[in-house]
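K.L.:
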Amino acid sequence: MAPKPIGIVGAPHDANSSFMRGPAGAPDVIRQILASDSGNGYSEDGVNVLAQITDFGDFQAPDSTEGVMAFESAMRGVLERGVKPIALGGDHAVTHPLVLAVAEQFGPVDILHFDAHGDLYPDFEGNPYSHASPFARLLERGVVNRLVQIGIRTLTPEQKDVINKYDVESHIWRGVLGECSTLEFERPVYVSIDVDALDPAFAPGVSHHEPGGMSVRDVLNVLHGLHGNVVAGDIVEFNPLRDINDMTATVCAKLVKELAARLITPGPML
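Per our numbering, numbering through the sequence shown is continuous, rising by one, with the last residue being 1280.
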């Protein structure tokens, strides 16, 4: 029997969180919402995406800053099954090893990154594995062809230096999608969604509240308008300890379904 085209994997690791821990508990909470009778398995384009997903369980890694790198070999094992994976973090440090595994299979990837923060620190508070540093690590390794960041609303001079060095396309969020509504990518695409890209009004369950962010519809419009071959992605930084009435968990479940739809159907939904 051929495998289902999409794989869900948990990446429950938050040892690199700089403010508070909690995102390691996110994968199971998102799974509970996906399985709940409060919704169904269909994406907005009418595809029953949950029927096309296999849950591969949680990756295991030591609870240490360096331990997160164990996810690289774990992700490699899922990719070898011939599926397109969506990882449920975890803090944003998990993206570093996950993208390394994807780039090993596909070559340098294009990354579409939703976030309030650039996550481009050469190291943060002396930790090169910090959740504030994954994209700096990936750029240094030469595994990123193009990095497009959307939702950004807090950058430091240190991160701006990295943006300039590597020609990162970092879009400061002003409430208008503009050219980001129809992004075109030539290389295989990895989509990384830090849910604090959203305004806290839509996603209160994050460790770092940064007001003035995107709406859920803003994020979906970018995903739906994307031109390119999306091969993998992650949804990170959901902290269930700060959620209210499962608001953020439900947003994450919605993002899983819409991202899965893009993994199944390469063309835009506009």
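Quick reminder that beta carbons are idealized off the backbone N, C-alpha and C, glycines included.
1. How about Ile1016 and Val1109: are their beta carbons less than 8 Å apart?
2. Mapping DSSP to helix, strand and coil, what is Pro1302?
3. Kindly list the residues whose CB is nearer than 6 Å to the CB of Ala1025, restricted to its own chain and excluding five residues on each side of it in sequence; keep chain order.
4. Since Arg1147 and Glu1114 should fall inside the 8 Å C-beta cutoff, what is the C-beta to C-beta distance between them, to a whole number of angstroms?
5. Mapping DSSP to helix, strand and coil, what is Asn1058?
6. Specify whether the region 1112-1131 and the region 1035-1052 touch according to this definition: at least 3 beta carbon pairs, one from each stretch, less than 8 Å apart.
7. If we count the other Cβ atoms within 10 Å of its Cβ and call it buried at 16 or more, is Phe1029 buried or exposed?
8. Just to confirm before moving on: does the CB-CB distance between Leu1269 and Leu1233 stay below 8 Å?
9. Are the CB atoms of Val1246 and Ser1202 within a distance shorter than 8 Å?
10. Ends of the beta strand (DSSP E) at Glu1179?
11. Per the contact definition of three or more C-beta pairs closer than 8 Å, is the region 1179-1192 in contact with the region 1156-1170?
12. Helix, strand or coil: how does DSSP classify Pro1132 here?
13. Using 8 Å as the cut-off, can you tell me whether the region 1187-1198 makes contact with the region 1088-1103, which would need three or more C-beta pairs spanning the two stretches below that distance?
14. Would Ala1103 pass as a contact of His1141 if the rule is Cβ separation under 8 Å?
15. Thinking C-alpha only, which one of Leu1060, Val1216, Leu1130, Gly1128 is nearest Arg1282?
16. State the Cα-Cα distance for the pair Arg1163 and Asp1209, rounded to the nearest angstrom.
17. Mapping DSSP to helix, strand and coil, what is Asn1255?
18. When we look at the beta-carbon of Pro1037 and count the other beta-carbons within 10 Å, is it buried (16 or more) or exposed?
19. In chain order, which alpha helix (DSSP H) runs of at least 4 residues are fully inside the region 1149-1193?
20. For Asp1206 and Lys1014, I'd like the C-alpha separation in whole angstroms.
21. Check whether the Cβ atoms of Gly1099 and Ala1213 lie closer than 8 Å to each other.
22. Could you give the DSSP three-state label for Thr1075: helix, strand or coil?
23. Which value, in whole angstroms, describes the spacing of the CA atoms of Pro1132 and Val1172?
24. Between Gly1067 and the rest of its own chain, which residues show a CB-CB distance below 8 Å, the 5 nearest in sequence each way excluded?
P.N.:
Reading off the structure:
1. For the purposes of this step, residue 1016 is identified with residue 6 of the sequence shown, where counting begins at 1. For the purposes of this step, residue 1109 is identified with residue 99 of the sequence shown, where counting begins at 1. Contact flag unset, no.
2. Since the first residue shown for the chain is 1011 and the last is 1280, residue 1302 is missing from the structure and cannot be characterised.
3. For the purposes of this step, residue 1025 is taken as residue 15 along the sequence shown, with counting starting at 1. Here Ala1025 has Asp1073, Ser1074, Thr1075 as same chain residues with Cβ atoms under 6 Å from its own Cβ, once five neighbours each way along the sequence are excluded.
4. Counted from its first residue, the sequence shown places residue 1147 at position 137. Counted from its first residue, the sequence shown places residue 1114 at position 104. At roughly 15 Å, the Cβ-Cβ gap does not stay under 8 Å, so Arg1147 and Glu1114 are not in contact.
5. Position 48 of the sequence shown, counted from the first residue, corresponds to residue 1058. Asn1058: strand per DSSP, three-state reduction.
6. Note that the region 1112-1131 does not touch the region 1035-1052; fewer than 3 beta-carbon pairs, one per stretch, sit closer than 8 Å.
7. For the purposes of this step, residue 1029 is taken as the residue at position 19 of the sequence shown. Exposed, since its Cβ has fewer than 16 Cβ neighbours within 10 Å.
8. The residue labelled residue 1269 in the question sits at position 259 within the sequence shown. The residue labelled residue 1233 in the question sits at position 223 within the sequence shown. Taking 8 Å as the Cβ cut-off, Leu1269 and Leu1233 qualify as a contacting pair.
9. Start at 1 with the first residue of the sequence shown, and residue 1202 comes out as number 192. Start at 1 with the first residue of the sequence shown, and residue 1246 comes out as number 236. Yes, the Cβ-Cβ distance between Ser1202 and Val1246 is below 8 Å.
10. Within the sequence shown, the letter at position 169 stands for residue 1179. Per DSSP, Glu1179 belongs to the beta strand (DSSP E) from 1179-1182.
11. Yes, since at least three Cβ pairs between the region 1156-1170 and the region 1179-1192 fall closer than 8 Å, the two stretches touch.
12. Looking up residue 1132 in the sequence shown gives position 122. If DSSP states are grouped into helix, strand and coil, Pro1132 belongs with coil.
13. Not touching, per the Cβ criterion.
14. For this step, residue 1103 is matched to residue 93 along the sequence shown. For this step, residue 1141 is matched to residue 131 along the sequence shown. In this structure, Ala1103 lies near His1141, with their beta-carbon atoms less than 8 Å apart.
15. The structure shown does not extend to residue 1282, since the chain is modelled only from 1011 to 1280, so the question has no answer here.
16. The sequence position of residue 1163 within the sequence shown is 153, counting from 1. The sequence position of residue 1209 within the sequence shown is 199, counting from 1. C-alpha separation (whole angstroms): 11 Å.
17. Numbered from 1 along the sequence shown, position 245 holds the residue referred to as residue 1255. If DSSP states are grouped into helix, strand and coil, Asn1255 belongs with coil.
18. Here the question's residue 1037 lines up with position 27 in the sequence shown. Taking a 10 Å sphere around the C-beta of Pro1037, we find 16 or more other C-beta atoms and assign the residue as buried.
19. If we require 4 residues or more, the alpha helix (DSSP H) runs fully inside the region 1149-1193 come out as 1167-1176.
20. On the sequence shown, position 196 is the one that residue 1206 refers to. On the sequence shown, position 4 is the one that residue 1014 refers to. If you take the alpha carbons of Asp1206 and Lys1014, they lie about 30 Å apart.
21. Here the question's residue 1099 lines up with position 89 in the sequence shown. Here the question's residue 1213 lines up with position 203 in the sequence shown. No.
22. Residue mapping note: residue 1075 aligns to position 65 of the sequence shown, counting from 1. Here Thr1075 sits in coil by DSSP.
23. Looking up residue 1132 in the sequence shown gives position 122. Looking up residue 1172 in the sequence shown gives position 162. Spanning the two alpha carbons is a distance of roughly 8 Å.
24. For this step, residue 1067 is matched to residue 57 along the sequence shown. Closer than 8 Å at the Cβ level, and outside the excluded window around Gly1067, lie Val1019, Gly1020.
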